[in-house]
DNA sequence: ATTGATTTTTAGACCGTGCTAACATTTTTA
DNA sequence: TAAAAATGTTAGCACGGTCTAAAAATCAAT
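Protein chains in written order, with my numbering: chain A, 5 to 222; chain B, 5 to 222.
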């Protein structure tokens, strides 16, 4: 049985491993940053997780999950996204409100609960942010397509997913009227700062490079 | 913000205060027993809760909740029972499975969550064990009627509620075909041990005094 | 290849929640 | 009412998870 804290470390490691930008290799600092703890704290926990056979770790080396560790982390992501879906679809939470509550709910221990929830929701494939929900067996097709920062000027795309970076980011998108399934037309990209100008229905919006990198389109 | 541990102490104190058998006065031992900790541990926590203004407590004296403490405890009970109802009605959990999971879910912090859940469930009045669900404002009519141990021989009653003493007890009742709304006829009470003989539909069952004290009827 | 910057680890401390052992108080009972 | 039993408290320790400060290892740049 893992503590919530341990689960959070595993989850963070999985996120780092599947992030597009990085090379999939996690370092202590990076991990600590993601969890809002000091690197020293992360080091301690890594020793413990290694002891339990959940991470591959040698001091001063990069960190990766073992198969067991990855399976557990995937299970937590699954729970997180199922709860987000529940909150959004059944309880009328908005896009940007679901994350924090799901962050708590994901640590509830009950296999039956998550399977019944999945069933209750009709075995959804995507959460409210458009992210894939892993199946019970751990399968996950993470076809994260392409980010808005990498699109071709003059082409039309549909937003399929956004990175779940907390309420501020999501509210910002909502304000811009950007959401899952929004159809956009890429008008311009400014090379000096990477910002992108889009046409959306009738109006135009400009987003920074940073924002563009967190929006996935097809 | 209270820790889960603190919440559990408040909840236990409220349960002791509203138990019929006791005199509503909680002692350290009794509290520790209910929480599966040692009395010394409970003493420490009581000091902390007193510090926070949640319990009335002087060393070697009986313990009671302050108004604030009781309000918080009631809120936790409310969450617990709403979650039980959700698990039972929406996710197909059985009577005896809901408690342990609700024990975890009751500590999730989100006012919106509990209000939306209440709404989603159609503002239920009773949980699957027949216990009253407190309203958001803390109202709770605990008309716990009368226990089977106090009934008159030769009279007919309906079971309205049972004490939630964990899966074993609930499974035992199910096995006896005793549930909420079961109609029973009290045939005999043996004075020497307080056990009760009931007629239920076609068959007769005998329950011990201990069991009878945990079944509420009208 | 050496130096300097960055990353990571170690050592020692703290807080929350639990424990045991010993002591203090209250209650029961003879 | 005095002794015995039950109940409750204190003191000191342990463990998980966190921190800071300082040392060690690795990486980057000249």
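The beta carbon of each residue, even a glycine, is placed where N, CA and C say it ideally should be.
Checklist entry - Residues in the region 89-104 of chain A with C-beta within 9 Å of chain B's C-beta atoms, listed in sequence order? => result 91, 94, 95, 96, 97, 101, 104
Next on the checklist: Rounded to whole angstroms, what is the Cα-Cα separation between residue 117 of chain B and residue 102 of chain B?
Outcome noted: 18 Å
Item to check | Assumed close pair residue 39 of chain B, residue 16 of chain B - CB separation to whole angstroms, cut-off 8 Å | outcome: 5 Å
Item to check | As assigned by DSSP and simplified to three states, the class of residue 119 of chain A | outcome: helix
Item to check | residue 120 of chain B: contacting residues in chain A (beta-carbon distance under 9 Å) | outcome: 91, 94, 95, 96, 97
Checklist entry - Which one of A:95, A:151, A:90, A:104 has the shortest CA to CA distance from residue 123 of chain A? => result A:90
Checklist entry - Rounded C-beta distance between residue 220 of chain B and residue 190 of chain B? I'm assuming under 8 Å. => result Contact doesn't hold; Cβ gap of about 14 Å is too wide.
Item to check | Per-residue contacts from residue 112 of chain A into chain B (C-beta, under 9 Å) | outcome: When 9 Å is used as the limit between beta carbons, residue 112 of chain A is near these residues of chain B: 105, 108, 109, 112, in chain order.
Checklist entry - Closer than 7 Å: is that where the CB of residue 23 of chain A sits relative to any heavy atom of the ligand HEM? => result Questions concerning the ligand HEM fall outside what the structure shown contains, since it holds no ligand whatsoever.
Next on the checklist: Quick check on residue 227 of chain B - is its C-beta less than 8 Å from some C-beta in chain A?
Outcome noted: Since the first residue shown for chain B is 5 and the last is 222, residue 227 of chain B is missing from the structure and cannot be characterised.
Item to check | Burial state of residue 156 of chain A, where buried means 16 or more other Cβ atoms lie within 10 Å | outcome: Of the other Cβ atoms in all chains shown, fewer than 16 fall within 10 Å of the Cβ of residue 156 of chain A; this residue is therefore exposed.
Checklist entry - Taking C-beta to C-beta, are residue 66 of chain A and residue 31 of chain A nearer than 8 Å? => result yes
Next on the checklist: To test your reading of the DSSP string, which unbroken beta strand (DSSP E) runs of 3 or more residues are found completely within the region 129-166 of chain B?
Outcome noted: 160-166
Checklist entry - What residues from chain B crowd round residue 17 of chain A, counting only those whose CB sits closer than 7 Å? => result Those do not exist, as residue 17 of chain A stays about 24 Å from chain B at its closest Cβ, beyond 7 Å.
Next on the checklist: Quick check on the burial criterion: 16 or more other C-beta atoms within 10 angstroms. Buried or exposed for residue 79 of chain A?
Outcome noted: buried
Checklist entry - What does a CB cutoff of less than 7 Å around residue 158 of chain A pick up in its chain, not counting 5 residues either side in sequence? => result 190
Checklist entry - In this structure, does DSSP put residue 103 of chain A in helix, strand or coil? => result helix
Item to check | Distance CB(residue 50 of chain B)-CB(residue 72 of chain B) smaller than 8 Å | outcome: no
Item to check | Extent of the continuous beta strand (DSSP E) run through residue 207 of chain A | outcome: 207-211
Checklist entry - What residue ranges within the region 7-85 of chain B form continuous alpha helix (DSSP H) runs of no fewer than 4 residues, ordered along the chain? => result 8-22, 32-39, 43-55
Next on the checklist: Would you say residue 117 of chain B lies against chain A (beta-carbon separation less than 8 Å)?
Outcome noted: yes
Checklist entry - By Cβ distance, which residues of its chain are closer than 7 Å to residue 77 of chain B, with the 5 residues on each side in sequence left out? => result 14, 15, 17, 18, 69
Checklist entry - Run through DSSP, which three-state label would residue 222 of chain B get? => result coil
Next on the checklist: Taking its Cβ as the centre, do 16 or more other Cβ atoms sit within 10 Å of residue 181 of chain B, making it buried, or is it exposed?
Outcome noted: exposed
Checklist entry - Excluding the five sequence neighbours on either side, which residues of its own chain have a C-beta within less than 7 Å of the C-beta of residue 175 of chain A, listed in chain order? => result 100
Item to check | 8 Å contact criterion, which residue 112 of chain B and residue 105 of chain A should meet: CB distance rounded | outcome: 7 Å
Checklist entry - Alpha carbon to alpha carbon, what distance is there between residue 10 of chain A and residue 47 of chain B? => result When rounded, the distance between both Cα atoms is 30 Å.
Checklist entry - To which residues of the same chain is residue 198 of chain A closer than 6 Å at the C-beta, ignoring the five residues directly before and after it? => result 213
Next on the checklist: To the nearest angstrom, how far is the alpha carbon of residue 22 of chain A from that of residue 132 of chain B?
Outcome noted: 43 Å
Checklist entry - Can you tell me whether DSSP reads residue 182 of chain B as helix, strand or coil? => result coil
Next on the checklist: Excluding the 5 residues flanking residue 135 of chain B on each side, which residues of the same chain have their C-beta closer than 8 Å to its C-beta?
Outcome noted: 85, 165, 168
Item to check | Environment of residue 34 of chain A [buried if 16+ CB atoms lie within 10 Å] | outcome: Burial call: buried.
Checklist entry - residue 163 of chain A to residue 196 of chain A, Cα distance in whole Å? => result 24 Å
Checklist entry - Exposed or buried, which one is residue 55 of chain B when buried takes at least 16 other CB atoms within 10 Å? => result exposed
Next on the checklist: Please report the straight-line C-alpha distance between residue 179 of chain A and residue 64 of chain B, rounded to a whole angstrom.
Outcome noted: One C-alpha to the other measures close to 59 Å.
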